[in-house]
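Asker: Take 0 as the starting number for the sequence shown in numbering that gives the first Met the number 0 and just add one per residue.
Every residue gets a Cβ at the ideal spot worked out from N, C-alpha and C, and that includes glycine.
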Amino acid sequence: MYNTNTSFQQKEAIYIDGKDKTSDIQSYSFVGEKCIVVFKSSDKKYTYNKDKVQVIKSALQSKKTQTAFNYLKAIADAVGLKSDEGKNILADSYDRISFIPEYAIFSNYLNETQPEDCPPSSPIEIFPFGFNLSQKEAVNNAFVNLLSIIEGPPGTGKTQTILNIIANAIINGQSVAVVSSNNSATKNVYEKLEKNGLSFIAALLGNSQNKKEFIESQSEIPDLSKFNLTDQQLTKLKQKNSELFTQLTEKLAQKNELATLKLLIENIKTEQQHFLNQVQSISNFKLNTNLSSDRLLALWNSIAVHERSGKEFNWWKKLVYRFRYRIKDKGFYTLSHWDMIEITQSAYYQAKIAELAHRIKSLGNELNNFSFDKKMRVYTESSMRLIKNVLYNKYQHKERPTYQEADLRAKSASFIEDFPVIMSTTYSLRRCLSEHTVYDYVIIDESSQVDLATGALALSCAKRAVIVGDLKQLPNVVDTTMAQKTDVIFHAFKMPEAYHYAKNSLLASITKLFPDVHKTLLKEHYRCHPKIIEFCNRKFYNDQLIILSEPTTEREPLLVYRTVAGNHARARMNQRQIDVILREIIPQQQLASVDLGIVTPYRNQTNILQGIFAGTKVIADTVDKFQGRENDVIILSTVDNEISEFTDNPNRLNVAISRAKDQLILLVHGNDSENESNITDLIRYIEYNNFTIIQSKLHSIFDYLYKGYEEKRRRILSQKRIKSVFDSENLMYTLVRSVLSDDRFSKYDALLHFPLRSLIDDYSLMTPAEAKYAGHHMTHLDFLIYNKLGKNPVLAIEVDGYAYHAAEGKQSERDAMKDAILEKYGLPLLRFSTTGSGERERLVRSLGELSAIKQ
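#1: To the nearest angstrom, report how far apart Ile642 and Ala58 are at their CA atoms.
#2: Could you tell me the alpha carbon to alpha carbon distance between Arg651 and Phe142, rounded to whole angstroms?
#3: In chain order, what residues of the same chain have a beta carbon less than 6 Å from the beta carbon of Leu842, not counting five sequence neighbours either side?
#4: Compare the beta carbon distance of Ser433 and Asp469 with 7 Å and say whether it is the shorter of the two.
#5: Just to confirm, are Ser174 and Asp444 a CB contact at a threshold of 7 Å?
#6: Since Phe782 sits in a beta bridge, which residues does DSSP pair it with?
#7: Could you check what DSSP says for Lys462 in three-state terms: helix, strand or coil?
#8: Just the C-alpha distance for Ala353 and Thr160, rounded to the nearest angstrom, thanks.
#9: Assuming Gly669 and Arg569 make a contact with CB atoms under 8 Å, what is their CB distance in whole Å?
#10: Check whether the Cβ atoms of Gln662 and Val632 sit closer than 7 Å, and answer yes or no.
#11: Would the segment 131–149 count as touching the segment 456–469 if we require 3 or more Cβ pairs under 8 Å?
#12: Which value, in whole angstroms, describes the spacing of the CA atoms of Val377 and Leu204?
#13: Comparing the C-beta of Gly17 with each C-beta of chain B, is any distance below 7 Å?
#14: So is Tyr426 buried or exposed if we call it buried at 16+ other beta carbons inside 10 Å?
#15: For Tyr346 and Pro529, I'd like the C-alpha separation in whole angstroms.
#16: Just to confirm before moving on: does the CB-CB distance between Val579 and Ser695 stay below 7 Å?
#17: Alpha carbons only, please: which of Ala613, Arg323 and Asp94 is nearest the one belonging to Leu295?
#18: Going straight from the alpha carbon of Ile267 to that of Ile796, what length do you get?
#19: Tell me the DSSP secondary structure of Arg844 in three-state form.
#20: Where do the ends of the alpha helix (DSSP H) carrying Lys787 lie?
#21: Helix, strand or coil, according to DSSP, for Cys527 in the structure here?
#22: For Met498, name the three-state secondary structure that DSSP assigns.
#23: Taking the C-alpha atoms as reference points, what is the distance between Asn367 and Asp417?
#24: Give me whichever residues DSSP pairs with Phe860 in a beta bridge.
#25: Tell me which residues share the same chain as Ser836 and place their Cβ nearer than 7 Å to its Cβ, disregarding the 5 neighbours each side in the sequence.
#26: Who does Gly468 pair with in a DSSP beta bridge?
#27: With Met339 and Ile281 assumed to form a contact (beta carbons below 8 Å), what rounded beta-carbon distance in angstroms separates them?
#28: Starting from Glu11, trace the beta strand (DSSP E) in both directions and tell me its first and last residue.
#29: If you draw a straight line from the alpha carbon of Ala405 to that of Asn163, how long is it in whole angstroms?
#30: What residue from Lys39, Ser40 and Ile35 has the CA that sits closest to Thr46's CA?
#31: Checking 7 Å against the spacing of the C-beta atoms, do Ile220 and Tyr394 come in under that value?
#32: Rounded to the nearest angstrom, how far is the Cβ of Phe625 from that of Val598, given a contact under 8 Å?
#33: Kindly provide the ranges of any beta strand (DSSP E) runs that are 3 or more residues long and lie completely inside the segment 616–681, ordered along the chain.
#34: Look at the alpha carbon of Ile170 and the alpha carbon of Val389, and state the distance between them as a whole number of angstroms.
#35: Output the distance between the C-alpha atoms of Arg839 and Thr833, rounded to the nearest integer angstrom.
#36: Would Ser361 and Leu451 qualify as a contact pair, given that the criterion is a beta-carbon distance under 7 Å?
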């Protein structure tokens, strides 16, 4: 089915004095320390020293690598990323590859051979964009390994790490390509370079539009003369920078400890509060307060063990307690074991909190005395001065030409010398410059969202690669049709599971292929309120994160709103949850003027929310589209009546939660469920930290249609004579009768299923289609409220079942026609959806408005 023979003809590349001369050479041979070369242009032999000639073999020399490459080509052809002209640019990029140097990381990827370690180098000490301990480790790993992975949980400074890798590569005179599956991630890096006056070394390329914009707005080399340093100044600055780096590294460890202790003391206080809420009363007996928390914990455990033994406290045990725990009061032993434990537990919390507070104060004073923030600012400024001194020496006495688009390929070597930082999408990188361009570094950002075919293409032009991403966030999406299509190719080529296109992002693939690859987890978190990200830390990151963020508002960081029980979700849309957002959450939490994002698992819910908030600053979107964003406050609308596997996906939930900086509001169904899930874990976590869940007060008469209300519905309907075959109309009938029983509305009465043709005498205002519809014997109003005194109609009511009145259905056309007719004849209409809420309030309000009008 698929061609397994590679079309490659070129088996090697020959460089003379660093320039590719392969296409010019007819033959070559090594004799001793010399290389004899015959060029195609003449039969004359040229002799070079052996060290002047470099012969690089193609990576595609074995059947294994050819098969893997042809598999990726077949996948590229199937995936079919199209250009504006309709051309399959991904397949075309693979077809254009005529040579892959054996030193490219792509060679290792095709061979399933983990790259060898590089020789040890001096630790990096220049971080012009600032650093923390794990970022420091990640940057060093990037320079001592041909292939490394940087795992970047939310809010841990991936971009900052990438920028520091770029800075040190530039200092080393190396080229860097930064790519991702979309332009937004690379633009973010570019903007940070621009903010620091370094964008003149970078070219934002990729698609044809980006290339065009770059060509039209090439930046000039700025005046760098103020960064010129004498040898003496340079030595002094490097020494100062190195000293600061050592000091900051030590203090960063203390900052991490301080952050950990601050979160710990908050957790201990919460635990203490739960303890105090549970105990009825604690004996007045006081333990020796000089005992450490560790000693009190040991006492607590000892009493528990003694209780399980069933023995009384003998004289020996009392003597041991006297000397070990300093318990001299004999009254202690007259208490029950449980009272002893509660007294000890209470003392433990007090001692532990006091110890933590003392250490926190000590660390805080030490960091304040050191002036950490000021020293870090001085350090980053001196590091930035060092990199700009390097750029001064490179650019200041050089005129950089203005490049045309054709020059990107024709003059790639000089272009990359002038612009050593290239930014692109993964699938466009090979098309930015000439086909033979190989970058010293390729950094693939957001690699969990990069698919195999485009990611491997980026690896094909990398001497070294840094893969940045997070397997605990959302991967790239392969739809069902594409998965089936590519699965056929996967099985036809009999590839290892790590190459399975539909099941692996580039990050997942590399992790499986090279389980021993050097990985660095960025641990220090800076974005979310500590209580928000702590859930992600415990649930998804095995308590490895160090939470350095601080609360910035008085808002409660975590809230749960639960709707009343009911069958509110329809076709992945939940009107009740939307009503709760609009009528309860936003006003109660005072969110009208805050930076608010509303996240949902489903596109249908998102579409409704986007319509409601159109023209406002509120952002509403699916979780998948929110990856990479952040808002001060996030409302997570779960939509489901019963949490689905899709909504409960741990990666999706991790992303949704970590979008919230100051406050996360979880909106869930109110239906009883015994199913364990990630969502229920989140609810428990929030309830534990808040001691409460907010129960929505929004009700609907149609809630009683829910299966959990069978008995309640039966009781309601049994009180009235059944009027309709539809329970929804009968429930509305009971509501209408209840409202009209109010003295304010005693002049009104209601009729069920009133024929429209009995309401209208003059059909002249209608179109022929409307007249035909209105005159039909089956056309009626669900309810007609009329004035009993004058017998005049005042209000029409329609009950809309979700499925029957769906927007695309035939009934929706009839609904629109009925609306138009009633509007022409001036009869107000209220439509009540069985998925809505607040029917009583709406009906009372409408009748109140009618009563205010003279009839």
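Answerer: On the basis of the coordinates in this document:
#1: The residue given as residue 642 occupies position 643 in the sequence shown. The residue given as residue 58 occupies position 59 in the sequence shown. The C-alpha of Ile642 lies about 49 Å from the C-alpha of Ala58.
#2: For this step, residue 651 is matched to residue 652 along the sequence shown. For this step, residue 142 is matched to residue 143 along the sequence shown. The C-alpha of Phe142 is placed about 33 Å away from the C-alpha of Arg651.
#3: On the sequence shown, position 843 is the one that residue 842 refers to. So the qualifying residues of the chain are Val738.
#4: Along the sequence shown, read from residue 1 onward, the residue named residue 433 stands at position 434. Along the sequence shown, read from residue 1 onward, the residue named residue 469 stands at position 470. Taking 7 Å as the Cβ cut-off, Ser433 and Asp469 do not qualify as a contacting pair.
#5: Residue numbering aside, residue 174 sits at position 175 when the sequence shown is read from its first letter. Residue numbering aside, residue 444 sits at position 445 when the sequence shown is read from its first letter. No, Cβ-Cβ distance for Ser174 and Asp444 is not below 7 Å.
#6: Position 783 of the sequence shown holds residue 782. BP columns for Phe782 point to Leu751 and Ile796.
#7: Taking the sequence shown and counting its residues from 1, the one referred to as residue 462 is at position 463. Looking at Lys462 - three-state DSSP - the assignment turns out to be strand.
#8: For the purposes of this step, residue 353 is taken as residue 354 along the sequence shown, with counting starting at 1. For the purposes of this step, residue 160 is taken as residue 161 along the sequence shown, with counting starting at 1. Distance between the alpha carbons of Ala353 and Thr160: 37 Å.
#9: Numbered from its first residue, the sequence shown carries residue 669 at position 670. Numbered from its first residue, the sequence shown carries residue 569 at position 570. Incorrect: roughly 16 Å between the Cβ atoms, too far for contact.
#10: The residue labelled residue 662 in the question sits at position 663 within the sequence shown. The residue labelled residue 632 in the question sits at position 633 within the sequence shown. The answer is yes: Cβ separation under 7 Å.
#11: By the Cβ rule, the segment 131–149 counts as touching the segment 456–469, because three or more pairs are nearer than 8 Å.
#12: Here residue 377 is taken as the residue at index 378 of the sequence shown, counted from 1. Here residue 204 is taken as the residue at index 205 of the sequence shown, counted from 1. Approximately 34 Å, taken between the alpha carbons.
#13: In the displayed structure, chain B is absent; only one protein chain is listed.
#14: On the sequence shown, position 427 is the one that residue 426 refers to. Counting Cβ neighbours within 10 Å, Tyr426 comes out buried, since at least 16 surround it.
#15: Within the sequence shown, the letter at position 347 stands for residue 346. Within the sequence shown, the letter at position 530 stands for residue 529. According to the sequence displayed, residue 346 carries Ala and not Tyr. About 27 Å.
#16: Locating residue 579 in the sequence shown gives position 580, counting from the first residue. Locating residue 695 in the sequence shown gives position 696, counting from the first residue. Annotated as proximal: Val579 and Ser695, with beta-carbon spacing under 7 Å.
#17: Along the sequence shown, one-based indexing puts residue 295 at 296. That would be Arg323, whose Cα lies nearest to the Cα of Leu295.
#18: To locate residue 267, count along the sequence shown from 1; it is residue 268. To locate residue 796, count along the sequence shown from 1; it is residue 797. Computed Cα separation, rounded: 56 Å.
#19: Position 845 of the sequence shown, counting from 1, holds the residue named residue 844. In the three-state reduction of the DSSP assignment, Arg844 falls in the helix class.
#20: Counting from 1 along the sequence shown, the entry for residue 787 is found at position 788. Membership of Lys787 in any alpha helix (DSSP H) is not indicated, and neither H nor E is assigned to it by DSSP.
#21: Here the question's residue 527 lines up with position 528 in the sequence shown. In the structure shown, the three-state DSSP call for Cys527 is coil.
#22: By one-based count along the sequence shown, residue 498 stands at place 499. What sits at residue 498 in the sequence shown is Tyr, not Met. Taken through DSSP and simplified to helix, strand or coil, Tyr498 comes out as helix.
#23: Position 368 of the sequence shown, counted from the start, is the residue given in the question as residue 367. Position 418 of the sequence shown, counted from the start, is the residue given in the question as residue 417. CA-to-CA, the gap between Asn367 and Asp417 works out to about 43 Å.
#24: With the chain represented from 0 up to 854, any question about residue 860 goes unanswered, as that position is not in the structure.
#25: The count along the sequence shown starts at 1 and reaches residue 836 at position 837. So the list reads Arg575, Asp578, Leu697, His698 and Ser699, once near-sequence residues are dropped.
#26: Here the question's residue 468 lines up with position 469 in the sequence shown. Partner(s): Glu150.
#27: In the sequence shown, the residue the question calls residue 339 occupies position 340. In the sequence shown, the residue the question calls residue 281 occupies position 282. Not a contact, Cβ separation roughly 11 Å.
#28: Along the sequence shown, one-based indexing puts residue 11 at 12. Its beta strand (DSSP E) spans residues Glu11 to Ile15.
#29: Stepping through the sequence shown from its first residue, residue 405 is reached at position 406. Stepping through the sequence shown from its first residue, residue 163 is reached at position 164. Roughly 31 Å between the two C-alpha positions.
#30: Within the sequence shown, the letter at position 47 stands for residue 46. That would be Ile35, whose Cα lies nearest to the Cα of Thr46.
#31: Position 221 of the sequence shown, counted from the first residue, corresponds to residue 220. Position 395 of the sequence shown, counted from the first residue, corresponds to residue 394. Tyr394 is positioned such that its CB atom lies closer than 7 Å to that of Ile220.
#32: Here residue 625 refers to the residue found at position 626 when the sequence shown is read from its first residue. Here residue 598 refers to the residue found at position 599 when the sequence shown is read from its first residue. Correct: roughly 5 Å between the Cβ atoms.
#33: List check, beta strand (DSSP E) in window: 618–621, 630–636 and 659–667.
#34: Residue mapping note: residue 170 aligns to position 171 of the sequence shown, counting from 1. Residue mapping note: residue 389 aligns to position 390 of the sequence shown, counting from 1. Annotation: Ile170 to Val389 spans about 6 Å, alpha carbon to alpha carbon.
#35: Position 840 of the sequence shown, counting from 1, holds the residue named residue 839. Position 834 of the sequence shown, counting from 1, holds the residue named residue 833. So the alpha carbons of these two residues sit roughly 13 Å apart.
#36: Position 362 of the sequence shown, counted from the first residue, corresponds to residue 361. Position 452 of the sequence shown, counted from the first residue, corresponds to residue 451. Against a cut-off of 7 Å, the Cβ pair of Leu451 and Ser361 comes out as no contact.
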